[in-house]
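One structure is given below, encoded as structure tokens.
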Amino acid sequence: MCIYSSAGTLVISFIGMQSQEVKIKPIVKVVLKSDAEVLDEVVVTGYGITKKSAFTGAANTLDAEKIGNRVDPNPIKSLEGTVPGLQMNIGSGQPGAPATIFIRGRNSLNSGTQPLYVIDGVAFDNDAVGIRSDEGQTTSPLSTLNAQDIESMTVLKDATATSIYGARAANGVIVITTKRGKAGKPKVNLTAKVGFNQMPSYTDKYKLVDADKNIELATEALLNSYNKYGANSTFGTYNEYYGLGYSYDQAGAEGFYDWYTGGWVSNYRNTGKQTNWIDEITRTGLVQSYAFDISGGGNAENAPQYYASFAYDSNESVMKGKDLTRYSFRFNMDHQPSRWVKYGFNTNLSYTETNMGAGGGYFSDPLTQVYMMNPMTGVYDSEGEYNFDTTTGYNPVALRSEYGDKSLAKQYRVLLSPYVQINFTPELFFMSRAGIDAYFIDEFGYWSFLQPQGAEMNAMGENANTTRIMLTITNTLNYLKTFNDVHNLNLMVGQEGQKKNYKQAYLAGSNYPVSDLNDVSLAATPSSAATTQMQLLLNSYFFNGQYDFNHKYYLSASVRADGSSRFSDGHRWAAFWSVGGKYRLTAEKFMEPTSNWLSNLTIRASYGTTGNQEVGSGYYASSHLYGFGYNYNGKPGMQLEQFGNENLKWETTKKFNVGVDLNLFKRIDISLDYYNHQTTDMVFSVPLSFATGMSSIYQNVGKLENKGFEASLNAVLFKNKDITWTFAWNGSINKNKVKKLSTDYPIEGTFSTTEVGYPIYQWKMKEYAGVDPETGDAMWYLNEEGDETTTDYNKAAKRYLGDANPKFFGSFSTNLEAYGLDLGIQFNYSTGAKIFGNNLRYDANGGSAFYENYINYVYDNRWQKPGDITDVPRLDTDGSQANQPSSRFLMDGDYLKIRSLTVGYTLPKSWLRGTFLNNVRVFMEAENLYTFTASNYIGFDPAGIDADGSQWWNYPQARSFLFGVTVGF
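Put into structure tokens, the structure is as follows:
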């Protein structure tokens, strides 16, 4: 390096590191230290790292501190509420359960909607696999990662940021970067956390009534039914309700007697028992997390740099019998023995064991059963055995006992990505990287004697072994050059190949000899033995170029060609591309007068295309598929089960984005974005003539639009040497609209409708008109205008009543650091979505007096006498019509949630002087503290529903508290 003799100080800087000033000497040796405050100066795109100042796309980055302080074992959930445009649905509170993520809306109706995940430069598969994946009750593959190992997560959203991933990037890309070693002495960190999960606070309207109120409601239902049918018997002791077959012992008040069977109705007797079934199946779950890591790289110029960690996590759900245990190990290494070559690898080994069970909405599920259980029924009978003389034949406590239902998944995962980089010149280098994702799942399920479905088969067991192995090879050639100090060029060409193999062996049998031996091999009656094997190949070539002039004008372009084995030869290849630009106005001289208050003003724009290869069902939507097992008279047989379509191709999303970035007073950062996504060639299953023998065929016929606005603000409210106070806010608006379907008519589902000109997941149903004040009958509007009503459900008209998509959502948070104390709190909010309460069709039905329990909302709001104005119909034993799908069960999904609270204290360095300790921090982390909901919401959590806006008996997200300490050596 040549330096003028007049210079006295040398400033050395590097992105992500603290700059240092040193006096100029003949030989200068400097070791830069990491600076977490400037890590957001870079954008990790997966195939490389780009300076934030040169990045023309739309992306957001979450740092290690915000990732590591979450309780749930799935680290991706740390993105909830923190990224503009990212909507997250967590349909199950089970530890490690998958999260459904939509980046800038849902970009498809029938194909994949989830983002691509890239870990340390390699794209990995996050699809849940195994026999429980279809039920949604499984563990996310991302839960095999230890959040403490993650340095950052970057969400790529627009075409400039994502088109380099081509056919897999229509739904956005999430890039996960793990921690690495740095030059210097070894650093050791120990983190220990212990805490608990508990049932969250939820609306009193959804809580179950006690035994006294329950029998009051059941009595009222029978009396109403008696009056409705005009019986002429007198209501009294053991007098039969005419046409109903039940009587109520008014004098003795013992309960209900069934004259048809000659016995008490399912133990429905007022024996003084008060069983709180929610308390019986829930608990305060223990949470433990212990992590150890060591990193370093020595002081020698060519010393290898390393990061190694080991972690143990145990997380008990609030639901008894549901928990997760994980062991994980990571070792990352980088070594540059000479200036010509650099190599390294990233390794992650994990073992995860999850106790699961049938999911919300399945009638054998304990939480579902709780809302159907009579509170006068005891858990145990008079002999001390589990009581099955219940209203439904189930006992949810027994289902979670030692002899009850079982669902166990053991997951083994190996992630390995070695690389080598050859530097031909300071400007030209070649990198080759391999990625191996070996994922093995051993699952066991058992339907016990203790539930009707299992009892019918004398118990049933199933076992599945699933293997998914992905191999990725990526080769890139990079050229970086600065010309005349003002022209900066960054070029990359690359090739990538990926191979994914999937294999599953499944066994099932029934008729077990005893209840405590439930291995599938002991089943006397084999019911299924099947194997599945699939393979997917992807080959790609890509180019990316970036140019800027004097750090003022920026241009970028990408193109990628993908060839996939999912499609036929004529449509196997497709190209995806993008262009982007940015103009930094504050670099202009005419902006210098504003420099005292306007530090940055940048305008950026991008346009391009991305693809979606996750079309249809399975890997082979374009191929003829045959089914085997159609054997006859000892001869093997097969039949055609799917018509192939050799013209089937990718779904394509055209993405446009324009944005503005500002920095005011060097304290306030503001970003504004407008986007417009147009998805074409959407795949639909199009009906075929019955003469073909097939019901449908996959075709590219649909169109879908997403457009919206995003805004974010980050402000330093106060800062001096001892105190830093910051505030952050983000908000998003997304408008979704179907532009073309496979037919000219709406596609009507049981609850929702898909129609051109409307959003997906729209609620087009019969509108509830309340209760007839004179009779207590449910009413609906007879026409779309809403000026006539009817008590006949079948005559009511359907109309559009909102959709499941929020109109506005985001979060705000604040953090305070003062004299070693740190405090942080985050609020998430959402408004405009409509939720359909499928569970309320049972929980608030007012139908059979003996089939369901009742919730407080029914007790407090039911019609009781002529003149009552309410929306809960008269209770009787034939309320089936009132429980049909209608807007009676449609609720506002608005909420404001206290998502997280963190309080910590870092001991002063002076206290540690003379010890072997480098730093000590004690802290408390809390999640899901409280949720404020709309006045008409009835349920556990409007943020914990299915992605289509349906609410079943979803396991609620726990309210969690963790207490911990981090010690650095």
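Residue numbers (our numbering): 213 to 1181. From the three backbone atoms N, C-alpha and C, an ideal C-beta is built for every residue, glycine too.
| Check | Outcome |
| --- | --- |
| Cα separation between Phe-788 and Leu-368? | 16 Å |
| Could you check the C-alpha separation between Met-682 and Phe-963 for me, to the nearest Å? | 38 Å |
| Measuring alpha carbon to alpha carbon, tell me which residue in Lys-978, Val-1084, Gln-410, Asn-286 is nearest Glu-528. | Gln-410 |
| DSSP beta-bridge partners for Met-682? | Asp-649, Lys-712 |
| What does Asp-760 pair with, by DSSP beta-bridge criteria? | Asn-700, Tyr-766 |
| Which residues in the same chain as Arg-1086 place their Cβ atom closer than 6 Å to its Cβ, once the five residues preceding and following it in sequence are excluded? | Asn-436, Gly-988, Trp-1075 |
| Pair every Cβ in the region 1106 to 1113 with every Cβ in the region 1006 to 1013, then say whether three or more of these pairs are closer than 8 Å. | no |
| Using only alpha-carbon positions, find the residue among Ala-1159, Glu-655, Thr-1127 that is nearest to Ala-1045. | Ala-1159 |
| With a 10 Å radius around its C-beta and 16 neighbouring C-beta atoms as the bar for buried, classify Gln-851 as buried or exposed. | exposed |
| Expressed to the nearest angstrom, what Euclidean distance is found between the alpha-carbon atoms of Gly-474 and Thr-537? | Only weak support is given to the placement of Gly-474: the predicted model assigns it a pLDDT of 48, under 50, and the value that follows is read from those uncertain coordinates. Looking at the two C-alpha atoms, the distance is approximately 50 Å. |
| Which residue from Asn-383, Ala-927, Thr-487, Trp-785 puts its Cα closest to that of Phe-939? | Ala-927 |
| Let's test the definition: count the other Cβ atoms within 10 Å of the Cβ of Asn-696 and tell me whether it reaches 16, buried, or not, exposed. | exposed |
| Would you check if the distance between the CB atom of Gly-407 and the CB atom of Leu-1174 is smaller than 8 Å? | yes |
| Between Pro-287 and the ligand MN, is the CB less than 7 Å from at least one heavy atom? | You won't find the ligand MN in this model; it holds no ligand whatsoever. |
| Along the chain, where does the alpha helix (DSSP H) that runs through Tyr-1069 open and close? | 1068 to 1073 |
| In this structure, how does DSSP classify Ala-404 when only helix, strand and coil are distinguished? | strand |
| Kindly give me the distance between the Cβ atoms of Asn-677 and Leu-620, rounded to whole angstroms, as I take these residues to be in contact under 8 Å. | Actually they are not in contact, since the Cβ atoms of Asn-677 and Leu-620 sit about 13 Å apart, beyond 8 Å. |
| Just tell me which of Asn-812, Asp-893, Val-254, Gly-280 has its CA closest to the CA of Phe-1135. | Gly-280 |
| Out of curiosity, what's the CA-to-CA distance linking Tyr-1201 and Trp-785? | Past the boundaries of the shown model lies residue 1201; the chain is included only from 213 to 1181, so the question cannot be answered. |
| Distance check for Tyr-886 and Tyr-259, CA to CA, integer angstroms please. | 26 Å |
| Give the DSSP-derived three-state secondary structure of Gln-1093 in the structure shown. | helix |
| Below 8 Å on the Cβ atoms is my guess for Ala-773 versus Gly-793; work out the distance and round it to an integer in Å. | In fact, because the Cβ distance is near 23 Å, the residues do not count as touching under 8 Å. |
| Is the Cβ-Cβ distance between Asn-942 and Gly-1036 less than 8 Å? | no |
| Return the CA-CA distance between Ile-186 and Lys-931, expressed in angstroms with no decimal places. | Since the first residue of the chain shown is 213 and the last is 1181, residue 186 is not available in this structure. |
| Rounded to whole angstroms, what's the CA-CA distance from Val-726 to Pro-664? Just pull it up for me. | 16 Å |
| Return the CA-CA distance between Gly-969 and Lys-947, expressed in angstroms with no decimal places. | 11 Å |
| State the CB to CB distance for the pair Ala-270 and Asp-370, rounded to an integer number of angstroms; the pair is presumed to be in contact (CB under 8 Å). | 4 Å |
| Which residues bound the alpha helix (DSSP H) around Val-582? | 578 to 582 |
| Give the DSSP-derived three-state secondary structure of Gln-1163 in the structure shown. | strand |
| Along the alpha helix (DSSP H) that carries Gln-665, what are the first and last residues, could you check? | 664 to 668 |
| Using the C-alpha atoms, what's the distance from Tyr-718 back to Gly-673? | 11 Å |
| With distance defined between alpha-carbon atoms, name the residue in Arg-392, Leu-402, Tyr-691, Leu-298 nearest to Leu-701. | Tyr-691 |
| Assign His-763 to buried or exposed, taking buried as 16 or more other Cβ atoms, counted over all protein chains shown, within 10 Å of its Cβ. | exposed |
| I'd like the list of long-range same chain contacts for Ile-362, defined as Cβ closer than 8 Å, with 5 residues on each side in sequence excluded. | Ala-276, Ile-279, Gly-280, Pro-287, Ile-388, Thr-389, Thr-390, Lys-391 |
| Taking the CB atoms as reference points, tell me whether Thr-814 and Asp-873 lie closer together than 8 Å. | yes |
| Rounding to the nearest angstrom, what Cα-Cα distance links Leu-925 and Asn-912 in this structure? | 40 Å |
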